[in-house]
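*Asks:*
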Amino acid sequence: MVEDVETSYWPPNGNLTDRNDPQTSMGFFKSLVDGLNYEEFRNVYEPTYFDRNIMSIFFYHNLVIIKKSKNQR
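Start counting the sequence shown at 8; every next residue gets the next number (this note's numbering).
1. Along the chain, where does the alpha helix (DSSP H) containing TYR52 start, and where does it finish?
2. CA-CA distance, ASN50 and LEU43?
3. Going by DSSP in three states, LEU70 sits in which element: helix, strand or coil?
4. Consider the C-beta atom of GLN79 and the heavy atoms of the ligand SAM; say whether any pair is separated by less than 7 Å.
5. For MET33, which of helix, strand or coil comes out of DSSP?
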């Protein structure tokens, strides 16, 4: 569980113009979402550690919950 992720939107550490900036906590967590479905990708792709070991991600107001487990069919 990661709380207080609202700081991703605040200066000086947040990015006021790019809400997907992977340098912020929210941008990083959003970048993990596609990896949940990496087995469905239609191109050559080498899954990352996160792709293989995150089963689910839940987003709530100012809170992110990650369930770790083997991500395979």
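Just so it is clear, CB atoms sit at the ideal spot from N, CA and C, and this is done for glycine as well.
*Replies:* On the basis of the coordinates in this document:
1. Here TYR52 belongs to no alpha helix (DSSP H), and DSSP marks it neither H nor E.
2. 16 Å
3. strand
4. Looking at this structure, you won't find the ligand SAM or any other ligand, since it has none at all.
5. helix
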